[in-house]
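S.K.: Have a look at this one before I ask anything.
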Amino acid sequence: MDKTFQPATIETRWYQEWEDSGYFAPQGGDRAYSIMIPPPNVTGSLHMGHGFQEAIMDALIRYHRMLGYNTLWQVGTDHAGIATQMVVERQLEAEGIDRHDLGREKFVEKVWEWKEQSGGTITRQLRRLGSSLDWSRERFTMDPGLSLAVQEVFIRLYREGLIYRGQRLVNWDPVLHTAISDLEVLSQEEKGHLWHFHYPLAGGEGHLTVATTRPETMLGDTAVAVHPEDERYAHLIGRTVSLPLCDREIPVIADDYVDREFGTGCVKITPAHDFNDYEMGKRHGLPMINILDDNAAINANAPAPYRGLDRFEARQRIVADLESMGLLEKVEDHTLKVPRGDRSGVVIEPYLTNQWYVDARELAKPAIAAVEDGDIRFVPKQWENTYFAWMRDIQDWCISRQLWWGHRIPAWYDDDGNFYVGESEAAVREEHGLGDETSLRQDEDVLDTWFSSALWTFSTLGWPEETEELATFHPSSVLVTGFDIIFFWVARMIMMTLHFRREVPFHTVYVHGLVRDGEGQKMSKSKGNVIDPIDLIDGIDLEGLIAKRTAGMMQPQLAEKIEGSTRRQFPEGINAYGTDALRFTYYSLASTGRDIKFDIGRIEGYRNFCNKIWNAARYVLMNCENEDCGSEGEALQLSLADRWIESKLQETCADVARAVENYRFDLASQALYEFIWNEYCDWYLELSKPVLWDENASVEEKRGTRRTLITVLETWLRLLHPFMPFITEEVWQTVAPLAGKSGPTIMLQPYPLARDKAVDNAANADIEWLKGVIVGIRNIRGEMGIPPGKKLTVLLGNGDARDKMRLEQNAPFLEKLAKLAAIKWLGEGEEAPVAATALVGELEILVPMAGLIDKDAELARLSREVEKLEKDLTRIRGKLGNASFVDKAPADVVAKEREKMQAQQQALEKLQEQEQRIRQL
RNA sequence: AGGACUAUAGCUCAGUUGGUUAGAGCGCUACCUUGACAUGGUAGAGGUCCCCAGUUCGAAUCUGGGUAGUCCUACCA
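Each residue of the first sequence is one higher than the one before, counting from 6 in the numbering used here.
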């Protein structure tokens, strides 16, 4: 074995082996456990957040697989309609091709080509992370099977009246030329202006003044509204104003939506270009004048001078024209929320179009009940509130998108504007008795990607067929996801699955935090602070990292800034840490918080942990290979240390199981780290040396220690495997035979379960004593500057029978671990030399000072100890002196305090005596 | 505007139903190449648990108020 752990050499080898051997597929068993992967975008690549999520799912999957569950981790990707279409459009653009020139069919072909080409990135990354996904069942939302499910769902919902077509205001992206859902619009505060315009009264006697942030929409105004109780304008209600620049008169209406305090208290109403105005327009039966085209340029409904102008050009023109007419009263600076498309980043226009909608209100009812009734639970529970808040105020879901890439809507139109929904044109003709004389054309639009994602848990298992997989693995066990898509995906999956399966999609939703960079910033391409998890595994040099972060940017002008910050943050690039270290880092960060700051320092610590594991195994193998390890059941004698480490192992098994059940991977990783490093390596391996290296130790003793070394190691390798799959497999292969275990892989070995009976309290207490004595001596050594190599003679005084027994049984351990020449037991009445002292309970550890210890240094050390004790004692005395504490606190708490006080007092006296003696020297 | 979450060591974070000497990792200081490991070992320093009030014998923990930060939802043209 190498002296240091080299992850690169083993990881891909083992993954290949596992995959080729079919270990990732369900293995049978009475109880099923399944997780459906949140499908990543097929043309994207995994970022740190994905890596985190996959690591958690893989730990759950490996854990349950080892527990003997029939385990399925369903893999797949989604087609990411808008994102993918944009990427391909940009590629074509670079070649000077417009997709409209290419035509729909050819364009979609290009997208499939791109999908084939780039789709491997994600799956490669997933494999590098060690994800034990069942690749044989890989699915894609545009697969024939899943597409069939999408069509089926659409048709059935339509027939049930839960999908309808309607003309509504939608969020229109004028660059992507599609409607998008409310969730895809991000509103952010931006600086803008509030323009005050005069609208002349129709009678010619004066004007009223409206305030607006979007002057261009005035071309579509069909009313001015005031508050019904606003005395300033009461006399104007029912009259008309003449709309400047347009040859129209519009009414002044009263509506209590108007806020009297804002602006002038008069609101121009543009029902076709504003959501609130739209509602008001409907209330008052106002005409709706659409003044924009698909590009958000002014259309032919507007006065001639403005036609064809872009909306922002039109704005400038209109303001200028009104000003020249003397109708501009003033312009104020104003901060407003500007809606932008989450993909395109352009300002979204409310726009009147025909779209398809899902009646979400109806579907939401059972979905709310499922969480209320506990059929689905969120972890952490607080997310249920978020879910409820959104679901109880849910809006109908606009599902049509004016794209070419996606599931085409199964609806056909005739020339008279009738439409028919069905599985094909033939089916529609048949059903509605439409002959060849009627020409039909299919709806041009496709469905929102989330529409197909919402079916993910059951469409991947073969629905609408009632497959065996559906029966076995649905509902799935748990959904692992980030809170950012609770609305987008989680809620919609619950609605759709309950409707079509009459069962929940999953029993638990584990909501994890979002991975951020070291400064707490969200990782994003445009900020240039993303880290590819693979770069943490394999490492990357500085120039490579910069190149990666600045490639293919939407805003190339940011490249310089990104290069600078990258150079500052990673002057040496990124080291290679290996998959196991990366995964363990993820687990250690997976607490209940919402933000996960990824600190590069942590991963280095866990890389070192891997190395520790590696070397611990080396030590064990060096001492056990070709040696008698008692694997045939020969007689063996266990030392105190053997019994203790076995006991600690059981406690660790219990801790890990509890942590995983509660989705506290941070606690699981901590328990493992603590046990492996601080107990097994720091103490147990050291305690094994006095036995193995003692020529006088019996065969049974050596055998007992070897047996314990190897079996405890073998057990914790299995315990650790779901978290660090590679190193555990590599080490287990050589360790297992020595422990009498066999099998082709650790991944299919049984997971260690805690045996309560194996917890050995006596051994725990004895080892605590042993540690106490050793640490006491080391402490004196350290603080007195006694060279570590210098062997000491130590005296033990004031001990009781138990101390004596412990000493007798453990003297060799003490001598080895504390580097002692000799230990002398001080009988009652025996005079002790002047010595530096440490206490373990009442037992005094004495390190004679002659020639070793500086008087002043020891006095200083003692006075520090004394001070600490005195401070503590004052606190306890105060507590016990308080009558109400003694009266009201539970008896055992009081007793505990009393005991503590006594012990502290005794210790204090001892140290003070000691101080006296030394001072008199 | 409404709501949620967070505040503990220099940094990143644990801290179960109130009773601990408030912990870990990283970083820091000193010493050490001892026969698994310098990606290591040993010892050590470092905290007004954001502030104020309350409940309680007792509060990092519970309640109320405040401050700071993050986020979500809805928005005033």
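Positions of the beta carbon are idealized from the N, C-alpha and C atoms, including for glycine. These numbers were taken from a predicted model, which means no experiment stands behind them.
1) Using alpha carbons as the reference points, say which of 595, 219, 368, 257 lies closest to residue 344.
2) When the Cα of residue 820 is compared with those of 809, 779, 316, 831, which residue comes out closest?
3) Over what stretch of residues does the beta strand (DSSP E) that includes residue 169 continue unbroken?
4) Going by DSSP in three states, residue 680 sits in which element: helix, strand or coil?
5) The ligand PLP and residue 569: does any heavy atom of the ligand fall closer than 7 angstroms to the residue's C-beta?
6) For residue 279, which residues from the same chain have a beta carbon less than 6 angstroms from its beta carbon, with the 5 sequence-adjacent residues on both sides left out?
7) Are the segment 271 to 286 and the segment 211 to 225 touching, with three or more C-beta to C-beta distances below 8 angstroms?
8) Out of 751, 813, 291, 840, which has the shortest C-alpha to C-alpha gap to residue 19?
9) Measure from the alpha carbon of residue 50 to the alpha carbon of each residue in 149, 536, 288, 286, then state which is nearest.
10) Report the rounded CA-to-CA distance for residue 59 versus residue 881, giving the unit in angstroms.
11) In angstroms with no decimal places, state the Cα-to-Cα distance between residue 853 and residue 802.
12) Provide the residue span of the beta strand (DSSP E) that contains residue 616, from first to last.
13) What number of angstroms, rounded off, separates the C-alpha of residue 605 from the C-alpha of residue 16?
14) Once you ignore the five residues that flank residue 243 on each side, which residues in its own chain have a CB closer than 6 angstroms to its CB?
15) Between the C-alpha atoms of residue 740 and residue 461, what's the straight-line distance to the nearest angstrom?
16) Threshold first: 4 residues or longer. Then list the alpha helix (DSSP H) segments lying entirely within the segment 629 to 699, N to C.
17) Would you call the segment 397 to 405 and the segment 354 to 373 in contact, with 3 or more CB pairs under 8 angstroms?
18) Could you tell me the alpha carbon to alpha carbon distance between residue 613 and residue 518, rounded to whole angstroms?
19) Specify whether the segment 664 to 683 and the segment 788 to 795 touch according to this definition: at least 3 beta carbon pairs, one from each stretch, less than 8 angstroms apart.
20) Taking residue 411 as the reference, which of 146, 170, 534 has the closest Cα?
21) Less than 8 angstroms between the beta carbons of residue 594 and residue 671, yes or no?
22) Closest to residue 927 by CA distance: which of 651, 721, 647, 185 is it?
23) Pop quiz: residue 644 and residue 710 are said to be a contact at Cβ under 8 angstroms. What is the actual Cβ separation, rounded to whole angstroms?
24) With respect to the beta strand (DSSP E) encompassing residue 360, which residues constitute its N-terminal and C-terminal limits?
25) Considering only the beta carbon of each residue, do residue 811 and residue 765 sit closer than 8 angstroms?
26) Restricting to runs no shorter than 4 residues, where is the alpha helix (DSSP H) found entirely within the segment 871 to 913?
27) Can you pull the DSSP bridge partners for residue 46?
28) Per DSSP, residue 192 is paired with what?
29) From residue 324 to residue 263, what distance separates their C-alpha atoms?
30) Should the segment 26 to 36 be regarded as contacting the segment 101 to 115, the criterion being three or more beta carbon pairs within less than 8 angstroms?
31) Where does residue 813 land, buried or exposed, given buried means 16+ other C-beta within 10 angstroms?
32) Is the CB-CB distance between residue 799 and residue 851 below 8 angstroms?
33) Out of 132, 756, 654, 641, point me to the one whose CA is closest to residue 703's CA.
34) Looking only at C-alpha atoms, which of 169, 521, 408 sits nearest to residue 364?
35) Would residue 609 pass as a contact of residue 582 if the rule is Cβ separation under 8 angstroms?
36) Roughly how many angstroms separate the alpha carbons of residue 634 and residue 690, rounded to a whole number?
M.R.: Based on what the coordinates show:
1) Closest by alpha carbon: 219.
2) Nearest C-alpha to residue 820: 779.
3) 168 to 178 is the span of the beta strand (DSSP E), which, as asked, contains residue 169.
4) Residue 680 carries a helical assignment under DSSP once its states are collapsed to helix, strand and coil.
5) The ligand content of the structure shown is nil, which means the ligand PLP is not present either.
6) These residues qualify, in order along the chain: 355.
7) Remark: three or more beta-carbon pairs, one from each stretch, lie closer than 8 angstroms, so the segment 271 to 286 and the segment 211 to 225 are flagged as touching.
8) Among 751, 813, 291, 840, the Cα nearest to that of residue 19 is on 751.
9) Ranking 149, 536, 288, 286 by Cα distance to residue 50 puts 536 first.
10) Their Cα atoms are separated by approximately 50 angstroms.
11) Using only the alpha carbons, I get a separation of about 12 angstroms.
12) No beta strand (DSSP E) holds residue 616; the alpha helix (DSSP H) holding it covers 605 to 629.
13) When rounded, the distance between both Cα atoms is 21 angstroms.
14) Taken in chain order, the list of residues that qualify is empty.
15) Looking at the two C-alpha atoms, the distance is approximately 41 angstroms.
16) Listed in chain order, the alpha helix (DSSP H) elements of length 4 or more contained wholly in the segment 629 to 699 are 645 to 666, 670 to 678, 691 to 697.
17) As far as the Cβ criterion goes, the segment 397 to 405 touches the segment 354 to 373, which means the pair count is three or higher.
18) Whole-angstrom Cα-Cα distance: 26 angstroms.
19) Contact fails: fewer than three Cβ-Cβ distances are below 8 angstroms.
20) Residue 146 is the option with its Cα nearest to residue 411.
21) Yes.
22) The question about residue 927 has no answer here: the residues shown for the chain are numbered 6 through 926.
23) Yes, they are in contact, since the Cβ atoms of residue 644 and residue 710 sit about 6 angstroms apart, within 8 angstroms.
24) The continuous beta strand (DSSP E) containing residue 360 extends over residues 354 to 363.
25) Not a contact, by the Cβ cut-off of 8 angstroms.
26) At a cut-off of 4 residues, the continuous stretches assigned as alpha helix (DSSP H) that sit fully inside the segment 871 to 913 are 888 to 893.
27) Beta bridge pairing from DSSP links residue 46 with 83.
28) Note: residue 192 sits in a beta bridge opposite 344.
29) For residue 324 and residue 263, the distance between alpha carbons rounds to 24 angstroms.
30) The count of Cβ pairs closer than 8 angstroms, one atom from the segment 26 to 36 and one from the segment 101 to 115, stays below three, leaving the stretches out of contact.
31) Only exposed fits residue 813, as fewer than 16 other CB atoms lie within 10 angstroms of its CB.
32) If you check the CB distance, residue 799 and residue 851 come in under 8 angstroms.
33) When each option's Cα is compared against that of residue 703, the closest is 641.
34) Nearest C-alpha to residue 364: 169.
35) Yes, they are a contact pair.
36) Going by the C-alpha atoms only, they are around 16 angstroms apart.
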